[in-house]
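A.B. asks: Take any residue in the sequence shown, count from 1 to its spot, add 13: that is its number in our numbering. Idealized CB from N, CA, C, for every residue including glycine. Remember, it's a predicted structure, so these values are computed and weren't measured experimentally. Below: one structure in structure tokens.
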Amino acid sequence: MNEIDTKEKEREMENFPVISLENVNGNERKAILDQIEDACKNWGFFELVNHGIEEELLDRVERVNKEHYRKCMEQRFKEFAASKSLLDWESTFFLRHLPESNISEVLDLSDEYRDVMKEFAVKLEILAEQLLDLLCDNLGLEKGYLKNAFSGSRGPSFGTKVANYPPCPNPDLVKGLRAHTDAGGIILLLQDDKVSGLQLLKDGKWVDVPPMRHSIVVNLGDQIEVITNGKYKSVEHRVITQTNGTRMSIASFYNPGSDAVIYPAPSLLEQKAEEGGGNQQYPKFVFEDYMKLYAALKFQAKEPRFQAMMKASLPAATA
14 MNEIDTKEKE
24 REMENFPVIS
34 LENVNGNERK
44 AILDQIEDAC
54 KNWGFFELVN
64 HGIEEELLDR
74 VERVNKEHYR
84 KCMEQRFKEF
94 AASKSLLDWE
104 STFFLRHLPE
114 SNISEVLDLS
124 DEYRDVMKEF
134 AVKLEILAEQ
144 LLDLLCDNLG
154 LEKGYLKNAF
164 SGSRGPSFGT
174 KVANYPPCPN
184 PDLVKGLRAH
194 TDAGGIILLL
204 QDDKVSGLQL
214 LKDGKWVDVP
224 PMRHSIVVNL
234 GDQIEVITNG
244 KYKSVEHRVI
254 TQTNGTRMSI
264 ASFYNPGSDA
274 VIYPAPSLLE
284 QKAEEGGGNQ
294 QYPKFVFEDY
304 MKLYAALKFQ
314 AKEPRFQAMM
324 KASLPAATA
């Protein structure tokens, strides 16, 4: 990379939205809401500091995850990578928190690991619901609207993808994770603060998400785009491989329940119509049906997914 490209990347990272929630319930609330609104409209990503999750807990989460990878996953990945042609250079497993936890059933986890991740999940759930209500405030929706929209018959679903991206001998030949948008609701990420790799697509360019210690990266999924009728959009992102260092990524997905019916908020449809914005742009569907389609088309453009769901759409939402 030449000097001009390096300076441009540095400028992009300086402009990346970093938002402090420290006084969100105080006299800085309006300014913080404005920052979140700008990030949701123009980036689809932002990075939170002073978010209320204790640094000591974040340090424990990082420690137990890196210990677990070295002990149980690293050698397994090396053997697998040597025998397979990988599409994504990542080592992953999943933990489910809601509607019921599976953490006691996942093999190879120490008791300390289970306890730490259970504690972390509780804190993340609180933060996710706080953020959804801040989005409601900005959107003019009643408090709790987005959580209720996600709830279905058993409440929202919530789970964590634990991923590590080992050093790659041929970083030009394979991505850590191919470009995609996230299918669900709101995603909260604790990422490695030493090894970078996460990038988002903005204005046709790939922009690095800056690694920051003790921050939580937030991005919006496809369901937020649908409910807001496109006011906020999910954004394509990817992980690039590195030759040095293993990147830790702990991404927690606060999603609709499987039987939740997703559709644009009627008040936002009315608002768009009053502004001369035309008819509803997005379908009404059961989240589980969207996920079945997404499973086959994750690494393709999202617009054909919406179009396919529109063809099978439930009767349109009304106010």
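Please give the ranges of any alpha helix (DSSP H) in the region 177-240, keeping only runs that are unbroken, at least 4 residues long and fully inside the region.
C.D. replies: You should have 235-240.
A.B. asks: Could you check which residue in Phe266, Ala309 and Pro317 has the C-alpha nearest to that of Gly137?
C.D. replies: Note on identity: in this sequence residue 137 is Leu, with Gly being the wrong assignment. The candidate whose alpha carbon is nearest that of Leu137 is Phe266.
A.B. asks: Alpha carbon to alpha carbon, how far is Lys97 from Lys91?
C.D. replies: Distance between the alpha carbons of Lys97 and Lys91 is about 10 Å.
A.B. asks: Identify, in the order they occur along the chain, each residue of the same chain with its Cβ nearer than 8 Å to the Cβ of Pro182, setting aside the five sequence neighbours on each side.
C.D. replies: These residues qualify, in order along the chain: Thr256.
A.B. asks: What are the start and end residues of each continuous alpha helix (DSSP H) run of 4 or more residues lying completely inside the region 45-133, in chain order?
C.D. replies: Segments of the alpha helix (DSSP H) lying fully in the region 45-133: 68-81 and 87-96.
A.B. asks: Am I right that Leu122 and Leu145 are in contact with their C-beta atoms under 8 Å? What's the rounded C-beta distance?
C.D. replies: Rounded, the Cβ-Cβ distance is 29 Å, inconsistent with contact.
A.B. asks: Buried or exposed: which applies to Gly57, given that a residue is buried once 16 or more other Cβ atoms fall within 10 Å of its Cβ?
C.D. replies: Its Cβ being crowded by 16 or more others within 10 Å, Gly57 is buried.
A.B. asks: Span of the beta strand (DSSP E) holding Tyr267?
C.D. replies: Residues Arg260 to Asn268.
A.B. asks: For Val352, which of Leu202, Asn161 and Arg191 has the nearest alpha-carbon?
C.D. replies: Here the chain has residues from 14 to 332 only, and residue 352 is not among them.
A.B. asks: When the Cα of Ala325 is compared with those of Glu60, Phe300, Ala309 and Leu99, which residue comes out closest?
C.D. replies: Among Glu60, Phe300, Ala309 and Leu99, the Cα nearest to that of Ala325 belongs to Phe300.
A.B. asks: Rounded to whole angstroms, what's the CA-CA distance from Ala332 to Ser280? Just pull it up for me.
C.D. replies: Only weak support is given to the placement of Ala332: the predicted model assigns it a pLDDT of 42, under 50, and the question is left unresolved by the model.
A.B. asks: Which residues in the same chain as Arg318 place their Cβ atom closer than 8 Å to its Cβ, once the five residues preceding and following it in sequence are excluded?
C.D. replies: Excluding residues within five positions, the ones whose Cβ falls inside 8 Å are Asp235, Tyr303, Leu306, Tyr307 and Leu310.
A.B. asks: Near Met323, what residues of its chain come up, given a Cβ to Cβ distance below 6 Å and the 5 sequence neighbours on each side ignored?
C.D. replies: Closer than 6 Å at the Cβ level, and outside the excluded window around Met323, lie Pro296.
A.B. asks: Quick one: what's got a C-beta closer than 8 Å to Gly270's C-beta in the same chain, skipping five residues either side?
C.D. replies: Closer than 8 Å at the Cβ level, and outside the excluded window around Gly270, lie Pro112, Phe163, Ser164, Gly165, Ser166, Arg167, Gly168, Pro169, Ser170 and Phe300.
A.B. asks: Ends of the alpha helix (DSSP H) at Glu318?
C.D. replies: The question names Glu, but residue 318 in the sequence shown is Arg. First-last of the alpha helix (DSSP H) with Arg318: Glu316 to Lys324.
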